[in-house]
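Participant: Okay, handing you the structure first.
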Amino acid sequence: MSKEVGPHGQPKSLFVGHVSETVSEIQNKSPIISQQQIEPINLKYSPEVNLRTYSFFAIGIGLILLIIYVNSALSNYSVDDFRWGNIFCLSFFAIACFLDASYSKGKSDWELSIGQSNSKSTIGIIFNTILGILCIFIVVFVFIPMH
149 MSKEVGPHGQ
159 PKSLFVGHVS
169 ETVSEIQNKS
179 PIISQQQIEP
189 INLKYSPEVN
199 LRTYSFFAIG
209 IGLILLIIYV
219 NSALSNYSVD
229 DFRWGNIFCL
239 SFFAIACFLD
249 ASYSKGKSDW
259 ELSIGQSNSK
269 STIGIIFNTI
279 LGILCIFIVV
289 FVFIPMH
């Protein structure tokens, strides 16, 4: 309720008698309010099939194949081994990008379902898709025609 300020700067109550109580006085008198506890809800996206983990495995496989083929190319002076190492590495990297984009799509849908912003997940989907397509273009138009 509103209060009027008198000439001495002290607020005058608009009510007759002592009606106002502070919040702490009300909480002390009410056992229900004073015993309430707020427990934080831990919201974390954890899908049944975690495609991000699979994308890390794909990157690892691609890097291992690259190391094997480049080592073979350096030992045998073979350009074909170097080319195959790059084809495998970029192909697995593209697969990893598409798996991560799928993970981000699931996370984006989950964020919308709980009322959170999904802008970061959407940016992740776009970035991973573009990067995966770029890797495929490099394989198809650079390394495969190399003979």
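Each residue of the sequence shown is one higher than the one before, counting from 149 in the working numbering.
Where a beta carbon is used, it is the ideal one built from N, C-alpha and C, also for glycine.
State the CB to CB distance for the pair Ile207 and Phe241, rounded to an integer number of angstroms; the pair is presumed to be in contact (CB under 8 Å).
Facilitator: Looking up residue 207 in the sequence shown gives position 59. Looking up residue 241 in the sequence shown gives position 93. Indeed they touch by this definition, with Cβ atoms about 6 Å apart.
Participant: May I have the straight-line CA-CA distance separating Phe289 from Phe236, to the nearest angstrom?
Facilitator: If you number the sequence shown from 1, residue 289 lands on position 141. If you number the sequence shown from 1, residue 236 lands on position 88. Going from the Cα of Phe289 to the Cα of Phe236 covers about 14 Å.
Participant: Using 10 angstroms around the beta-carbon of Tyr225, count the other beta-carbons present and answer buried if the total reaches 16, otherwise exposed.
Facilitator: Mapped onto the sequence shown, residue 225 falls at position 77. Looking at its Cβ environment, which holds fewer than 16 other Cβ atoms inside 10 Å, Tyr225 is exposed.
Participant: Only counting the same chain, and skipping five residues up and downstream in sequence, which positions put a Cβ closer than 8 Å to that of Asn276?
Facilitator: On the sequence shown, position 128 is the one that residue 276 refers to. Here the set comprises Cys245, Phe246, Asp248, Ala249 and Ser252.
Participant: In chain order, what residues of the same chain lie with their CB nearer than 8 Å to the CB of Ile262, ignoring the 5 residues before and after it?
Facilitator: In the sequence shown, the residue the question calls residue 262 occupies position 114. Closer than 8 Å at the Cβ level, and outside the excluded window around Ile262, lie Leu191.
Participant: Candidates Gly280, Ile281 and Ser256: which alpha carbon is nearest Ser269's?
Facilitator: Mapped onto the sequence shown, residue 269 falls at position 121. The shortest Cα separation from Ser269 among Gly280, Ile281 and Ser256 belongs to Ser256.
Participant: Rounded to whole angstroms, what's the CA-CA distance from Leu211 to Ile271? Just pull it up for me.
Facilitator: As a position in the sequence shown, residue 211 is number 63, starting the count at 1. As a position in the sequence shown, residue 271 is number 123, starting the count at 1. Going from the Cα of Leu211 to the Cα of Ile271 covers about 26 Å.
Participant: Between Leu279 and Ile189, what straight-line distance do the alpha-carbon atoms span, to the nearest angstrom?
Facilitator: Position 131 of the sequence shown holds residue 279. Position 41 of the sequence shown holds residue 189. Here the C-alpha atom of Leu279 lies approximately 35 Å from the C-alpha atom of Ile189.
Participant: Within a Cβ cutoff of 6 Å, which residues of the same chain sit near Ser220, ignoring the five residues on either side of it in sequence?
Facilitator: Counted from its first residue, the sequence shown places residue 220 at position 72. Excluding residues within five positions, the ones whose Cβ falls inside 6 Å are Asp229.
Participant: To which residues of the same chain is Asn266 closer than 6 Å at the C-beta, ignoring the five residues directly before and after it?
Facilitator: Here residue 266 refers to the residue found at position 118 of the sequence shown. Correct list, in chain order: Ser256, Glu259 and Leu260.
Participant: Whole angstroms are fine: how far does the CA of Ile273 sit from the CA of Leu282?
Facilitator: Position 134 of the sequence shown, counting from 1, holds the residue named residue 282. Position 125 of the sequence shown, counting from 1, holds the residue named residue 273. Cα to Cα, Leu282 sits roughly 14 Å from Ile273.
Participant: Mind checking which residues open and close the alpha helix (DSSP H) that includes Lys192?
Facilitator: Here residue 192 refers to the residue found at position 44 of the sequence shown. Counting along the chain, Lys192 falls outside any alpha helix (DSSP H), and DSSP gives it neither H nor E.
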